[in-house]
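Written as structure tokens, this is what we have:
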């Protein structure tokens, strides 16, 4: 494994996630790329970004998982999402994993426990 082919990132910029992702297009093409991204339909729209376009852009480069907190517990559920409307309105965290890294790690599947 070459570290120069790896990227781990987190983005939470109150609606400007789409613009940040646009600016890091090449980085998202790295073989081993994983990122935690806040995804809020309302904030994205207020920043002039179409949530569907952000989703499609990510989906073209990898797999997207919705992370849902389980009440008061420290546990979360993780499920793969295939459409932007699978992500509820409101402040949600999504996990982006490049296709090559998904193959390496295996699909996190539906309702995996984190």
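In full-length UniProt numbering, the protein residues as written are 1 to 114.
All C-beta atoms, glycine included, are put in the ideal place defined by N, C-alpha and C.
As the structure is a computational prediction, the values presented were derived from the model and not from experiment.
Residues of the same chain with a CB within less than 7 Å of the CB of residue 91, apart from the 5 flanking positions on each side, are 38 and 40 in chain order. With a contact defined as Cβ atoms closer than 8 Å, residue 80 and residue 36 miss out at about 15 Å.
The secondary-structure analysis by DSSP pairs residue 80 across a beta bridge with 65. Boundaries of the beta strand (DSSP E) harbouring residue 38: 32-39, taken from the DSSP string.
Here residue 16 carries a coil assignment [DSSP, helix/strand/coil].
9 Å or more divides the Cβ of residue 87 from the Cβ of residue 101.
Closest option to residue 94, judged by alpha-carbon separation, among 83, 103 and 104: 83.
Look at residue 45 here: in three-state DSSP terms it is helix.
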